[in-house]
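Number of protein chains: 2
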Amino acid sequence: MAFNRIFNFSAGPSMLPEEVLQIAQKEMLNYNGSGMGVMEMSHRSKVYDEIIVAAQAQMRKVMNIPDNYKVLFLQGGATLQFAMVPMNLMTVNGKADYVVSGSFSKKAAEEAAKYGNVQIAASTKSENFTRVPQQNELKLDPEADYVHICYNNTIYGSVFNYIPETGNVPLVADMSSCIMSEPIDVTKFGVIYAGAQKNVAPAGLTIVIIREDLLERTPKEYTPVMMNYKTLAEKNSMYNTPPCYSIYICKLVMDWLLNMGGLEVMQKRNTEKAALLYDVLDNSKLFKPTVEKQNRSIMNVTFRTDDDELNAKFIKEATARGMSNLKGHRAVGGMRASIYNAVPTEGVRALAEFMKEFEANNK
Amino acid sequence: MAFNRIFNFSAGPSMLPEEVLQIAQKEMLNYNGSGMGVMEMSHRSKVYDEIIVAAQAQMRKVMNIPDNYKVLFLQGGATLQFAMVPMNLMTVNGKADYVVSGSFSKKAAEEAAKYGNVQIAASTKSENFTRVPQQNELKLDPEADYVHICYNNTIYGSVFNYIPETGNVPLVADMSSCIMSEPIDVTKFGVIYAGAQKNVAPAGLTIVIIREDLLERTPKEYTPVMMNYKTLAEKNSMYNTPPCYSIYICKLVMDWLLNMGGLEVMQKRNTEKAALLYDVLDNSKLFKPTVEKQNRSIMNVTFRTDDDELNAKFIKEATARGMSNLKGHRAVGGMRASIYNAVPTEGVRALAEFMKEFEANNK
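Read top to bottom, the protein sequences are chains W and Z.
Heads up, the first sequence is in the numbering used here, so the first residue is 29 and it goes up one at a time.
Heads up, the second sequence is in the numbering used here, so the first residue is 29 and it goes up one at a time.
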């Protein structure tokens, strides 16, 4: 079956704004009269420098990032950050608090245990991660080098409904699947990191936003130069060749976000999109949400019927209608609709309509 | 000044074949009727799996890689390999031999010293890297865990004119700037690695070709999961989201290479291209090569006049004629023409002609 453009509900990599792809397409062989495509440019050239500088400046504008934070364009995904954070930061008292609210925060804690004393501040694993630990459940150590959370749990479809209060201990957040989905107060965090492939850019780019005072901690002596935040910050993400093309697409996405009206507008749009699906779920006898109400993600909407065959049928029929990648992660089963910034409202509406139709046809 | 397509002699990132860019342009919003661009695809999807599997299979064909080698698609560039190689492999006797033939092999040795005993087997630093150490100069330790070389020195424009004989000690080679420029006997190497941004794909992809028995060494206990060769090999480069789009372009470049006739044809073409420039240099009273004859690279041709102002004038005038990025690295000065696979012969010929013209006009 051949499609023009489908509605792609992939958890990541995921849809990019069509306007962004059109610009990239147009500039593929010749960027702005330079006679080169962006993939072909020396990262040290003036023409490329303008792109990376603009990407950073636009991101600062989009997220309202204060001057005392550095924005780094790195590689290796959130998974490399699972090691990079402790290598650089678990180096004062040698211990850190991890809140476990899903698969990735669990993996982050496991990786960090190679580098020091990982303390589980709270976990909802015994509840199969149907919710996120609340503030009053967090056992926080005031001597911890940082507190780590995964803000939005891609697999489970849950999100923090509050920013943990951690006193003087820096809060480190993996925001891979929710970064730039709504305004966030960056000053509440010591480090925000995110794989770019959901809301920002193609896979291969990792965003790290880090408060400058944290760069003064002394990393473990075996830290690779490519994993040393301070060195990478001093070299402005150009210690070696950065993932240039992903950064270029990131710049186009930042332009698009600003053009759309910024994160306040995106938040409104994303909340409305998510509501289209949650309203169906709340009024359905067939489909069930898998996350407690207060922790429902506006980026990853997870749901299921009680019948695995019916789940499979739903996914198959949706795919045939040009709505793809709705299969839930094997850890949860059922369905997941990832509705990142670039997924158009009409796509979400089409899915909501199809859910109702499917329920009517499968009583 | 606005150009259509220039001749881009950048040391990397560098030119890609125009045919490859045209396919990427055409498929930007819709790959093969899937209704998605390649940047938007789940890395776990069937449609993307075909791309990554083909990229790997085509690369095996292009380089004639034996079955007992794994091909990995990683991130972080050669610089991350500078740490990854010793973390994984300097773990038997805790020592390795490094041949220092330029800036990057020197950096590799410095990084490796964090992880064990680095022995300098030979160095041409005192000669300002105008040549590569020869076999009879190498002080090799039969107990070393490996021997490391940088096969082609991008900055100095030099290349190994032989494959070091290392007995039972595995040879590890950084081939960032010469991979796939000519046929190479992979069986002579334990590990070949390369940043992709010169001959293979856009920046953000790192190729690692590793002999399977080396995966059985026990990495340092603090090795991040994203730097563990064995784990990455077992997960077929998909422990987390790989740099999907760069891998797609890599696949298109592999198709292009096979279509061109493979590496024998590329070697002939590259040798002829390089000869166009070296012939001018050998017959010039103005321009001088900076590398000894036996170690001249066919990928990076370095040269200079004795007059810095004249060097600057040459670069400026060449740029105005659509021949860009000819400035040599600051460590060498003068000029450097990087003439990777995708730089067309007509571009090299235009440069050779301009060199002669410039000499005639600046006697």
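Glycine included, each C-beta is placed from N, C-alpha and C at the ideal position.
Partner residues on chain W for residue i, Cβ-Cβ distance less than 8 Å
i, result
"residue 223 of chain Z", "268 and 269"
"residue 353 of chain Z", "70 and 73"
"residue 53 of chain Z", "53, 56 and 57"
For residue i, the three-state DSSP class (helix, strand or coil)
i, result
"residue 199 of chain Z", "strand"
"residue 457 of chain W", "Absent from the model: residue 457 of chain W. The displayed extent of chain W is 29 to 391, so no value can be given."
"residue 206 of chain W", "coil"
"residue 177 of chain Z", "strand"
"residue 84 of chain Z", "helix"
"residue 125 of chain Z", "strand"
"residue 186 of chain Z", "strand"
"residue 319 of chain W", "coil"
"residue 392 of chain W", "Because chain W in this structure spans residues 29 to 391, residue 392 of chain W falls outside the shown range and cannot be described."
"residue 276 of chain Z", "helix"
"residue 281 of chain Z", "helix"
"residue 326 of chain W", "coil"
"residue 146 of chain W", "strand"
"residue 42 of chain Z", "coil"
"residue 377 of chain W", "helix"
"residue 332 of chain W", "strand"
"residue 296 of chain W", "helix"
C-alpha distance - residue i paired with residue j, whole-angstrom precision
i, j, result
"residue 200 of chain W", "residue 72 of chain Z", "28 Å"
"residue 61 of chain Z", "residue 179 of chain Z", "42 Å"
"residue 130 of chain Z", "residue 43 of chain W", "43 Å"
"residue 375 of chain W", "residue 181 of chain W", "22 Å"
"residue 113 of chain W", "residue 340 of chain Z", "44 Å"
"residue 222 of chain Z", "residue 242 of chain Z", "18 Å"
"residue 171 of chain W", "residue 107 of chain W", "25 Å"
"residue 373 of chain W", "residue 135 of chain Z", "50 Å"
"residue 121 of chain W", "residue 198 of chain W", "13 Å"
"residue 54 of chain Z", "residue 53 of chain W", "8 Å"
"residue 330 of chain W", "residue 318 of chain W", "6 Å"
"residue 350 of chain Z", "residue 34 of chain Z", "5 Å"
"residue 352 of chain W", "residue 379 of chain W", "10 Å"
"residue 141 of chain W", "residue 254 of chain Z", "15 Å"
"residue 251 of chain W", "residue 310 of chain W", "49 Å"
"residue 115 of chain Z", "residue 137 of chain Z", "13 Å"
"residue 145 of chain W", "residue 267 of chain Z", "25 Å"
"residue 342 of chain W", "residue 258 of chain Z", "38 Å"
"residue 215 of chain W", "residue 246 of chain W", "22 Å"
"residue 288 of chain W", "residue 75 of chain W", "26 Å"
"residue 297 of chain Z", "residue 85 of chain Z", "24 Å"
"residue 205 of chain W", "residue 227 of chain W", "7 Å"
"residue 47 of chain Z", "residue 277 of chain Z", "11 Å"
"residue 334 of chain W", "residue 183 of chain W", "19 Å"
"residue 202 of chain Z", "residue 220 of chain Z", "6 Å"
"residue 3 of chain Z", "residue 269 of chain W", "Only positions 29 to 391 of chain Z appear in this structure, which leaves residue 3 of chain Z out of reach."
"residue 155 of chain W", "residue 363 of chain W", "19 Å"
"residue 104 of chain W", "residue 348 of chain W", "34 Å"
"residue 357 of chain Z", "residue 332 of chain Z", "11 Å"
Nearest candidate by alpha-carbon position, reference residue i, set the options
i, options, result
"residue 188 of chain Z", "Z:218, Z:197, Z:198 and Z:162", "Z:162"
"residue 194 of chain W", "W:257, W:209, W:126 and W:36", "W:126"
"residue 190 of chain W", "W:184, W:88, W:196 and W:177", "W:177"
"residue 327 of chain W", "W:81, W:210, W:293 and W:68", "W:210"
"residue 229 of chain Z", "Z:77, Z:324, Z:369 and Z:292", "Z:369"
"residue 217 of chain Z", "Z:234, Z:204, Z:233 and Z:192", "Z:192"
"residue 284 of chain Z", "Z:51, Z:41 and Z:305", "Z:51"
"residue 158 of chain W", "W:174, W:87, W:128 and W:70", "W:128"
"residue 38 of chain W", "Z:39, Z:49, Z:100 and Z:67", "Z:67"
"residue 390 of chain W", "W:366, W:338, W:360 and W:365", "W:338"
Closer than 9 Å at the beta carbon, the chain Z residues around residue i
i, result
"residue 280 of chain W", "Within 9 Å Cβ-Cβ: nothing; residue 280 of chain W doesn't reach chain Z, min ~11 Å."
"residue 44 of chain W", "65, 67 and 68"
Listed by chain order, chain W residues near residue i by CB distance under 7 Å
i, result
"residue 64 of chain Z", "34 and 36"
"residue 379 of chain Z", "Correct list: empty, because the minimum Cβ distance to chain W is about 15 Å."
"residue 350 of chain Z", "63"
"residue 387 of chain Z", "Result: empty, since nearest Cβ-Cβ is about 25 Å, beyond 7 Å."
Residue i: contacting residues in chain W (beta-carbon distance under 9 Å)
i, result
"residue 306 of chain Z", "Going along chain W, no residue has its Cβ under 9 Å from residue 306 of chain Z, so there is no contact; the nearest lies around 23 Å."
"residue 104 of chain Z", "102, 103, 104, 108, 252, 254, 255 and 268"
Chain-ordered neighbours of residue i on chain Z, where CB pairs are closer than 7 Å
i, result
"residue 41 of chain W", "67, 68, 69, 70, 71, 269 and 272"
Interface flag, residue i vs chain C, CB-CB below 9 Å
i, result
"residue 287 of chain W", "Of the protein chains in the structure, W and Z, none is chain C."
Handout entry: Sequence ranges, alpha helix (DSSP H) only - wholly within the stretch 96-123 of chain W, length at least 4
Key = 105-117
Handout entry: 3 or more residues per run - each beta strand (DSSP E) lying fully within the stretch 207-245 of chain Z
Key = 219-223 and 234-239
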